[in-house]
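For reference, the structure is listed below as structure tokens.
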Amino acid sequence: MRCFSGSKCSESLKLSHAQAPHRCAGCRPPYKFILRASRADHNAGNTDIVLNKRLFLTTAAFGPSLVTCFHQALASAGERVFFDLKLEGQAAGRLVIELFTDVTVGASRFRDLAVGKEGVGYRLSRVDGIFDTHLRVAGVKQLSYSAAGDSAIAGGDSVAELEAEMMTTAHHHDAAGLISLTVKEATERPIQEKLIAKGGKLVTIELQAGEAPNGTGFVITRGSAPDLDKTNLVVGRLVEGMDVVEKIASLPYSKPRVEWYDGPFFEVGKVIGDKRAVVAEKGFNRPFKRVVISSSGILPT
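First residue of the sequence shown: 6, per this note's numbering; consecutive thereafter.
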């Protein structure tokens with residue numbers, strides 16, 4: 006008998022950490038017991054039978070059947086954080102998010118920001134984008150308010166560790182209710198030339214317009230959004246509040262005029278770093294009504 010998850014347990018049957026009605030000693034509850042009967046014909050597949058505790062203890066002593074605690078999710082259940090939202094100053098509902106334990110840095114970073122570690126957090130962050138596949142929430146501008154300048158937020162000022170987790174993660178934007186941190190840019194920012202004084206001379210330097218993501222802004226998916234796999238790291242899933250998400254998604258928002266947005270003048274403006282084009286693009290998909298996170302934190306287990 007073996008555990009499908011590969012995790013070790015104090016029980017001789019090596020039951021895994023999974024969500025269900027019963028438990029094994031040494032593991033966190035609750036658990037489900039499954040009898041897996043392997044067939045001689047491998048092409049025919051296996052048969053799974055859910056057992057209660059009494060049947061499990063009786064069956065486990067007999068035969069070559071495989072008894073496991075079966076995973077109901079790809080990741081073990083982690084901590085839960087909440088966000089209370091306000092729409093134009095009025096309560097709009099609560100979101101409850103379960104963090105994935107196998108996205109160590111990303112989930113810890115999201116947790117730190119949810120609790121407002123050392124004064125850095127999501128409180129008063131604004132929902133600044135409504136899209137067909139997701140909602141976008143603005144992150145924080147500054148990751149530390151200490152005199153030393155060192156950030157206590159998991160991952161720190163750099164997104165390097167988040168990018169590393171993006172390379173190995175098993176999670177993808179394949180369903181509604183997924184939460185992910187924005188780590189990379191979808192398109193490269195335009196280069197802008199700037200004239201500065203250096204060594205008594207005027208020299209031209211090149212700068213990228215706008216600001217790169219710092220791994221604190223996040224999105225909530227409304228459905229499958231595979232394009233986000235290139236830019237975002239999934240850190241958890243919504244377990245309560247999808248109705249709140251759709252309520253916000255139904256708000257009127259700024260839509261670009263297609264003939265202007267797709268026109269050559271707008272594209273040229275972005276390429277040369279024209280602030281008017283950069284600022285205008287930031288306003289696209291922004292809801293006309295103000296939606297903010299009024300409070301957030303960790304829910305007791």
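Glycine residues also receive a C-beta, built at the ideal position from the N, C-alpha and C atoms. Every value quoted in this text rests on a predicted model; they were computed, and no experiment measured them.
Beta strand (DSSP E) segment containing residue i, residue limits
i: Arg-116; result: Run containing Arg-116: none in the beta strand (DSSP E); it sits in the alpha helix (DSSP H), 109 to 120.
i: Ala-97; result: 95 to 105
i: Ile-158; result: Premise fails: Ile-158 is in no beta strand (DSSP E) and is neither H nor E.
i: Val-132; result: 132 to 135
i: Glu-245; result: 237 to 245
i: Thr-187; result: 183 to 187
i: Thr-173; result: No beta strand (DSSP E) holds Thr-173; the alpha helix (DSSP H) holding it covers 165 to 173.
i: Gly-302; result: 296 to 303
i: Thr-226; result: 223 to 226
Pick from the options that is closest to residue i, judged by C-alpha positions
i: Arg-116; options: Arg-131, Phe-87, Ala-96 and Lys-91; result: Phe-87
i: His-176; options: Thr-109, Ile-303 and Val-164; result: Thr-109
i: Lys-294; options: Leu-233, Thr-306, Ser-259 and Ser-301; result: Ser-259
i: Glu-123; options: Ser-151, Val-145, Ser-163 and Leu-129; result: Ser-151
i: Glu-168; options: Thr-138, Arg-85, Leu-186 and Phe-105; result: Leu-186
i: Leu-129; options: Asp-137, Thr-138 and Val-145; result: Val-145
i: Ala-143; options: Leu-256, Gly-220, Thr-306 and Asp-232; result: Gly-220
Beta-carbon proximity of residue i to residue j, cut-off 7 Å
i: Pro-292; j: Ile-184; result: no
i: Phe-105; j: Gly-126; result: no
i: Val-188; j: Leu-238; result: yes
i: Arg-242; j: Thr-138; result: no
i: Gly-111; j: Val-224; result: no
i: His-178; j: Asp-107; result: no
i: Asp-192; j: Leu-200; result: Per the sequence shown, residue 192 should be read as Thr rather than Asp. No, these two residues do not count as a Cβ contact at 7 Å.
Contacts around residue i, its chain only, beta-carbon distance under 8 Å, and the 5 residues preceding and following it disregarded
i: Met-247; result: Ala-181 and Gly-182
i: Leu-90; result: Ala-96, Ala-97, Gly-98, Arg-99, Leu-100, Val-132, Val-249, Ile-253, Val-296, Val-297, Ile-298 and Ser-299
i: Glu-190; result: Ala-217, Pro-218 and Thr-236
i: Val-120; result: Val-86, Gly-126, Ser-301, Gly-302 and Ile-303
i: Pro-231; result: His-177, His-178 and Asp-179
i: Gly-222; result: Arg-141, Val-142, Ala-143, Gly-144, Leu-186 and Thr-187
i: Glu-251; result: Arg-227
i: Glu-170; result: Val-108, Thr-109, Val-110, Gly-111 and Leu-238
i: Gly-205; result: none
6 Å Cβ shell around residue i - same chain, five flanking residues per side excluded
i: Val-244; result: Val-101 and Glu-103
i: Ala-80; result: A caution first: Ala-80 carries a pLDDT of 40, below 50, which makes its placement in the model too unreliable to give a value.
i: Val-164; result: Val-188 and Gly-220
i: Lys-256; result: It is Leu, not Lys, that sits at residue 256 in the sequence shown. Once the five neighbours on either side are set aside, the close Cβ partners of Leu-256 are Pro-292 and Lys-294.
i: Gly-11; result: Caution is warranted here: a pLDDT of 36 is assigned to Gly-11, below 50, making its placement in the model unreliable, and no coordinate value can be reported.
i: Ser-229; result: Asp-179
i: Gly-94; result: none
N- and C-terminal bounds of the alpha helix (DSSP H) containing residue i
i: Val-142; result: That residue, Val-142, is in no alpha helix (DSSP H); its beta strand (DSSP E) goes 139 to 142.
Cβ shell of residue i (< 7 Å), same chain only, five flanking positions each side left out
i: Ile-158; result: Arg-114, Asp-117, Leu-118, Lys-122, Val-125 and Leu-148
i: Leu-92; result: Lys-294 and Val-296
i: Phe-67; result: Reliability fails at Phe-67, whose pLDDT of 45 lies under 50, so the model's placement of it is uncertain and the value that follows must be treated cautiously. Here the set comprises nothing.
i: Asn-290; result: Gly-134, Ile-135, Phe-136, Tyr-258 and Ser-259
i: Asp-162; result: Leu-148 and Ser-156
i: Thr-174; result: Val-108, Leu-238 and Val-239
i: Asp-46; result: Summary for Asp-46: the model assigns pLDDT 41, below 50, so the residue's position carries little reliability, and this model does not support an answer.
i: Glu-166; result: Val-110 and Gly-160
i: Ala-153; result: none
i: Leu-207; result: Leu-200
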